[in-house]
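Accompanying notes for the structure given below.
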Amino acid sequence: LRIGALASGGGTNLQAIIDHCRDGKLDAEIVLVISNNPDAGALERASRAGIAVRCIDHRQFAGREAFDAALVQALREAEVDLVILAGFMRIITPVFVDAFPHRIMNIHPALLPAFPGLHVQRKALEYGVRFAGCTVHFVDTGTDTGPIIIQAVVPVHDDDSEETLSARILEQEHQIYPRAIQLFAEGRLRVEGRRVLVDRSAP
Ligand code: GRF
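What follows is the structure in structure tokens.
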């Protein structure tokens, strides 16, 4: 399975997937990493792993659609089968989503549909939830609204800070994202309306 990854930040989720591929735990290969941010740590992590990298700076495009068209072109040239967003901080438009139907995944550090958007670990703390977590979902034209593939739950401790809770969630992110990709690689995910059905029969 050929993966194209989009990242804007440090790339610890990308690194987890790179490591899983390297260790033969994922029937997949990341063939291209794109960032809109030339300083993204994710680009360094990809380069260190010998993965092709591209910086496509959204500020150089007239609008969101033109930027998305450039992303789609780069991903098509790399002949990717699956696109993963890993800390990608741009809203993507139907131009992008329609180019890869049910072939774009995202990881969100909250139990969707609770806490879509940004700073969600802090929002969970402020809300006083007893459990938080993370979600891997297919990307649709909404924001953090696509069909959910896998979720993981973590307890919230009374003495948690945004940092301690975020770290506990991130540990789970690094486990469920590779797991979701492997299920996709094995052809075990079937989308029926809003639901993603997982075929867990023996291989
Ligand atoms: C993580 O919380 C992830 O859920 C969100 O961006 C944060 C940083 O991810 N998408 P990474 O370390 O850049 O993978």
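One gets the UniProt record's numbering by counting positions in the sequence shown from 1 and adding 4 to each.
C-beta: ideal position from N, C-alpha, C; glycine also.
Taken from the Cβ of Ala184, every heavy atom of the ligand GRF lies 7 Å or farther away. Val124 sits away from Val99, with the two beta carbons spaced by 8 Å or more. Among the bridge pairs identified by DSSP, Ala118 is matched with none.
Judged by the Cβ position, His112 qualifies as a neighbour of the ligand GRF at the 7 Å threshold, a heavy atom of the ligand being closer than this. Here the stretch 28-36 does not lie against the stretch 94-112, with fewer than 3 beta-carbon pairs under 8 Å apart. For Asn110, there is no enclosing alpha helix (DSSP H); the enclosing beta strand (DSSP E) covers residues 108-112.
Within 10 angstroms of the beta-carbon of Phe119 lie 16 or more other beta-carbons, which makes it buried.
Membership of Glu48 in the alpha helix (DSSP H) is indicated by the continuous run 45-52. Taking non-hydrogen atoms of the ligand GRF into account, the C-beta of Ala11 is found less than 7 Å away from one of them.
Per DSSP, Glu177 is one residue of the alpha helix (DSSP H) stretching across 166-189. In terms of side-chain proximity, the C-beta atom of Thr16 is found nearer than 7 Å to a non-hydrogen atom of the ligand GRF.
When Glu196, Pro42, Glu81 are compared, the shortest CA-CA separation from Gly15 is found for Pro42. Going by DSSP, Ala20 is part of the alpha helix (DSSP H) stretching over 16-26.
Gln77: not part of any beta strand (DSSP E); member of the alpha helix (DSSP H) spanning 68-81, first to last residue.
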